[in-house]
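To start, the structure under review is shown below, and the notes come after it.
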Amino acid sequence: MARVTELDVNGARRRIDADSDRMLLSVLRDDLDLTGTKYGCGEGQCAACTVLIDGTPTKSCLTKVGSVAGKRIVTIEGLAPNGKLHPVQEAFLESDAMQCGWCTPGMILGAVALLERTPRPSEAEIVSGMNGHICRCGTYPRVVRAIQAAAKKGGRA
Amino acid sequence: MRRRDFFAVLGGGIVVLIADDSDAQETGGGQRRGMREPLPQNLSAWLHIGETGAVTVYTGKVEVGQNARTSLTQAVAEELRAPAASITMVMGDTDLTPFDMGTFGSQTTPQMWPVMRKAAAAAREMLVDLASQKWMVERASIQVANGKVTANGHSAGFGELTNGQKLTKTIPASLALTPATEWKVAGTSVPKVNGREIVTGAHKYAYDVKVPDMLYGKVLYPPSYGATLGSLDSSAAEAMAGVKVVHEGDFVGVTAPGPETAEKAVAALKAEWKPLTAEASSKDVFAYFKKTSRDGAADSSNLTAYTVAYIAHVPLEPRAAVAQWRDDKLTVWTGTQRPFGVRSELAGHFNMPEESVHVFMPDTGSGYGGKHNGEAAYEAARLSKAAGKPVKRNWTREEEMTWAYFRPGGLIEVGAKVNPDGTIAEWEFHNYNSGPSALQTPYDIPNKKEQFHQSKTPLRQGSYRGLAGTANHFVRESYMDELAESVKMDPLEFRLKNAKNERLRGVILAAADKFGWKNRKKTPGHGFGISAGFEKGSYVANCAEVSVVNGTVRVVRVVEAFECGAVVNPEHLRNQLEGAVAMGIGGAIFEHIDFAENKLVTNRLSRYRVPRFTDMPVIESVLLDRKDITPAGAGETPIMGVAPAIGNAIFDATGQRIRSLPMAPGRLGGASSVAPEAGE
């Protein structure tokens, strides 16, 4: 079976040795110990596993690692290089837009991509753009506020 | 941990031990030097100030997203007069923290929060003693503020004073504390203390734990509840490189060097199962509850029946554990609300002393009452023991949905007699299976009969945020509206007519005022509803506005007024209320478990709809901060009034009284809204 031996993750080339059919989520978490990317459902319903592939928010639980070789992968660990938080991360903290925090990395990456696409989104655009993400603690109104606040500050890193 | 172990583990400094109030003979005060005394029993917390000035507090409570880590830090900061950032909470580690029953029942604030304050207050007094001796000044001239002790030109950090000391103090849990009116850190919106670890993905949950040389475990579950193993052919799995099959009775599991091999191995197992005959399905379970009631059934000829479906917690982090055996000692990392309960379970399973089991609970990806037990921990430990290596056992969503436990379903029958003036004369209420929490009406009714009847349950059931408080409030507050309608009274006026308790009236009036109840204007397809209630020391009232179009209910706006005594952290309390409204909408309108023939139909998120962004109404919260009342918890009561307020609003909009949870889809005769297409 075809194997993937290298991934471009958070700006670095990472050596791996994985079946190309394996899911990116497992390779990130189990092989590269990038556990900020979360499992929530394994069927693309909750978006806790969201990462950016060439800037596009992608559910890593349904993405075969063979399909992303050579592409730029950004996980939550790559969003604050040198410890400086991304404006969306700052906004989530300031809006207290989390409780248990399990959905938060996926939410943040989804929001980063949304603001790249739509720098000044309306509330309705945030709601429809983020609707694939589940927060079981129900902090949705706060996530909307956080994204609005990040948009006001420019939103992009 | 023994006394001498404290300092071995923690280094020098001062240690304050808080004995439980119930442990009277151990509550003698006074400072003690020396290591010979045994530790008092029933310790509920301890606090250590090290020689560097670092403050570390140990409690068996755990963080499940409810922000206990922050609120308990505030308690210590308040009484120790130290910055919150200088305080570390060690939580839910059975080797390091005192025994605790578990984190449930909204008990962290009423129980542990005052304990933290007492520990910190006692430590502060010890620092004053040390400064007084060192500087030879009167205690009264010494001040403690911002993590420093000062007096007459002297100034020292906590570490300078504790340096070279090994002091312990045991104090009674009944010690006077700073009144809420004088709080400086408590009562303010201190941000989540580990928020940065969460937004950067750095926080390690149980699901994320790795240890060296670890294997991955999977378990073969039966195709239906109660099925027993007939035969097993594991030869194909055992032929896989690095795979070990563990078969003990009906338990079959595998370990493998990687997660994908473990999945393939468990899929390669060929098992025959003998099914168990099903006793009930989600279609006929309500009659089954009544039929199997242990104390018989009430005469229901004058009663109105309501039903409540089983629902699932769906903690977004499923159960997970890593287990590691070293000699005869077992260490387990797992996400649970009861680390000491899990320790006890494991000790029982393996017939070993509790002291030989170490359970550590990293802050977990939520629980809502659904993570009381150690299922994944036991599986990991079992597989690890057989494999001779550490084993990680992370449950999938489908396993979490299927093999955890559910909020109980229930049949509730209610009846009443109302006087022409709107006062309720008689009240009768029977709850079959869902539970006794908040069974009793908070209204003033002279003749009441309120009973919980235990029944058989075809599904595994257990705690869920608010327990049966949600079911009982749904029925009681829906029926209150039925009674109001029967005497043609406004639902708000009817409640006020029957509510004497001033705290209950307080939340009702606050919610109605914020909502604009008296000025509400009916438009076609829109309706307004109100509800109120009391449980676990706190009072709640909700007003809701809904729109109903072609049978599809949309919640437009929800106001929640809440009163739990003195507010500990206003922003986190608002977050709890908003989250409870969001979660409550799911159980109110669409969440339900379908099962038949001992099989779960709603076993995945694509088949079990939970609230999403598009389901959210405008949510407004009103906090009634009663500084004169000791704080109660806020994790549960805020969810209880959501469903009845929505149900009453649906009635107002459509004239249809829906006496079942969930209330849609399908019950209003129109199209059901399905799970929205997941976005990217």
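Protein chains in written order, with our numbering: chain A, 273 to 429; chain B, 815 to 1494. C-beta: ideal position from N, C-alpha, C; glycine also. Here the structure is a predicted model, which means the values were calculated and not measured.
Within chain B, partners of residue i - CB distance below 8 Å
i	result
Arg344/A	Going along chain B, no residue has its Cβ under 8 Å from Arg344/A, so there is no contact; the nearest lies around 17 Å.
Glu397/A	Correct list: empty, because the minimum Cβ distance to chain B is about 11 Å.
Ile325/A	Chain B residues near Ile325/A: none, gap ~11 Å exceeds 8 Å.
Gly426/A	Per Cβ cutoff of 8 Å: no residues; Gly426/A is ~18 Å from chain B at best.
Contacts around residue i, its chain only, beta-carbon distance under 7 Å, and the 5 residues preceding and following it disregarded
i	result
Asp289/A	Arg275, Thr277
Thr347/A	Val281, Asn282, Leu300, Leu306, Gly308, Thr309, Val323
Ala838/B	Any reading at Ala838/B needs caution, since the residue's pLDDT is 37, under 50, leaving its predicted position unreliable; the model's value is listed next. Cβ within range, chain order: n/a, list empty.
Val416/A	Glu395, Ile398, Val399
Glu1494/B	With a pLDDT of only 33 at Glu1494/B, under the threshold of 50, the placement of this residue in the model should not be trusted; the figure read from the coordinates follows. None.
Ala937/B	Ile828, Val830, Leu861, Ile863, Leu894
CB contact below 8 Å: residue i versus chain B
i	result
Gln420/A	no
Ser298/A	yes
Leu387/A	no
Cys321/A	no
Asp368/A	yes
Pro377/A	yes
Ala274/A	no
Val281/A	no
Thr277/A	no
Contact test: residue i Cβ vs the ligand FMN heavy atom, cutoff 7 Å
i	result
Thr1118/B	As far as ligands go, the structure on display features none, and thus does not contain the ligand FMN.
Listed by chain order, chain A residues near residue i by CB distance under 7 Å
i	result
Ala1427/B	Note that residue 1427/B corresponds to Phe in the displayed sequence, not to Ala. Per Cβ cutoff of 7 Å: Val399, Met402, Asn403, Tyr412.
Lys1024/B	Asp305
Arg1274/B	Under the 7 Å cutoff, chain A gives no residues; its nearest Cβ is about 20 Å from Arg1274/B.
His1017/B	Gly373
Proximal chain A residues relative to residue i, where beta-carbon distance stays under 9 Å
i	result
His1406/B	Those within 9 Å of His1406/B in chain A number zero; the least Cβ separation is about 16 Å.
Phe1282/B	The residue asked about is misnamed: residue 1282/B is Ala in this sequence, not Phe. Residues of chain A passing the Cβ test: none, with the nearest at roughly 21 Å.
Ser1420/B	Cys313, Glu315, Gly316, Gln317
Interface residues of chain A facing residue i [CB-CB closer than 8 Å]
i	result
Gly1179/B	Lys310, Cys372, Gly373, Trp374
Arg1010/B	Leu357, Leu365
Lys1006/B	Leu365, Asp368, Met370
Pro1073/B	Ser298, Asp302
Ile1403/B	None at all; the shortest Cβ gap to chain A is about 14 Å.
Met880/B	As written in the sequence, residue 880/B is Gln, which differs from the Met given in the question. Within chain A, the residues near Gln880/B are Gln371.
Residue i: first and last residue of the uninterrupted alpha helix (DSSP H) it sits in
i	result
Gln371/A	First-last for Gln371/A: undefined, no H or E at that position.
Glu1395/B	Looking at the sequence shown, residue 1395/B is not Glu but Val. First-last of the alpha helix (DSSP H) with Val1395/B: 1384-1399.
His1287/B	1283-1300
Ser1352/B	From DSSP, Ser1352/B is part of no alpha helix (DSSP H) but of the beta strand (DSSP E) over 1352-1363.
Thr1316/B	One detail in the question is off: residue 1316/B reads as Glu in this sequence, not Thr. It spans 1316-1329 - the alpha helix (DSSP H) in which Glu1316/B sits, taken as one unbroken run.
Enclosing beta strand (DSSP E) for residue i [first to last residue]
i	result
Gly1184/B	Premise fails: Gly1184/B is in no beta strand (DSSP E) and is neither H nor E.
Phe1266/B	1261-1267
Asp289/A	284-291
Val1004/B	No beta strand (DSSP E) holds Val1004/B; DSSP gives it neither H nor E.
Glu1189/B	Note, Glu1189/B: premise wrong, no beta strand (DSSP E); alpha helix (DSSP H) at 1189-1201.
Cutoff 8 Å; reference residue i; Cβ partners in own chain excluding five residues on either side
i	result
Val1060/B	Val1066, Gly1067, Val1068, Thr1069, Arg1196, Leu1197, Ala1200, Ala1201
Thr976/B	Gly826, Gly827, Ile828, Ile863, Gly864, Glu865, Gly867, Leu941, Leu944
Glu892/B	Arg931, Ala934, Thr992, Trp997, Lys998, Val999, Ala1000
Glu1093/B	Tyr1102, Lys1270, Pro1272
Same chain only: Cβ atoms within 6 Å of residue i, ignoring 5 sequence neighbours per side
i	result
Lys1104/B	Ala1111, Leu1225, Tyr1246
Glu388/A	none
Gly1056/B	Ala1070, Pro1071
Val384/A	Val360
Lys1084/B	Asp1047
Gln1275/B	Tyr1219, Phe1220, Pro1222
Ala898/B	Thr887, Ala891, Val1004
Chain E contact for residue i (CB, 8 Å cutoff)
i	result
Thr347/A	The structure shown contains no chain E; its protein chains are A and B.
Per-residue contacts from residue i into chain B (C-beta, under 9 Å)
i	result
Ala341/A	Those do not exist, as Ala341/A stays about 17 Å from chain B at its closest Cβ, beyond 9 Å.
Contact set between residue i and chain B, taken where Cβ atoms lie within less than 7 Å
i	result
Ile417/A	Rather than Ile, the amino acid found at residue 417/A in this sequence is Arg. Under the 7 Å cutoff, chain B gives no residues; its nearest Cβ is about 11 Å from Arg417/A.
Ala352/A	Thr1014
Within-8 Å CB hit, residue i to chain A
i	result
Pro1338/B	no
Ala1396/B	yes
Tyr1021/B	yes
Asn1389/B	yes
Gly1484/B	Unreliable positioning characterises Gly1484/B in this predicted model, as indicated by a pLDDT of 45, which lies under 50. A coordinate reading is not provided.
Met1430/B	yes
If you measure beta-carbon to beta-carbon, which residues of the stretch 284-296 of chain A are closer than 9 Å to chain B? Ala290, Asp291, Asp293, Arg294, Met295
Where the stretch 1197-1218 of chain B meets chain A: residues whose CB sits under 7 Å from a CB there: Thr1210, Arg1211
According to a CB-to-CB cut-off of less than 7 Å, which residues of the stretch 1109-1135 of chain B neighbour chain A? Val1128, Pro1129, Leu1130, Glu1131
Which residues, in chain order, does the stretch 971-983 of chain B contribute to contact with chain A at a C-beta distance below 8 Å? none
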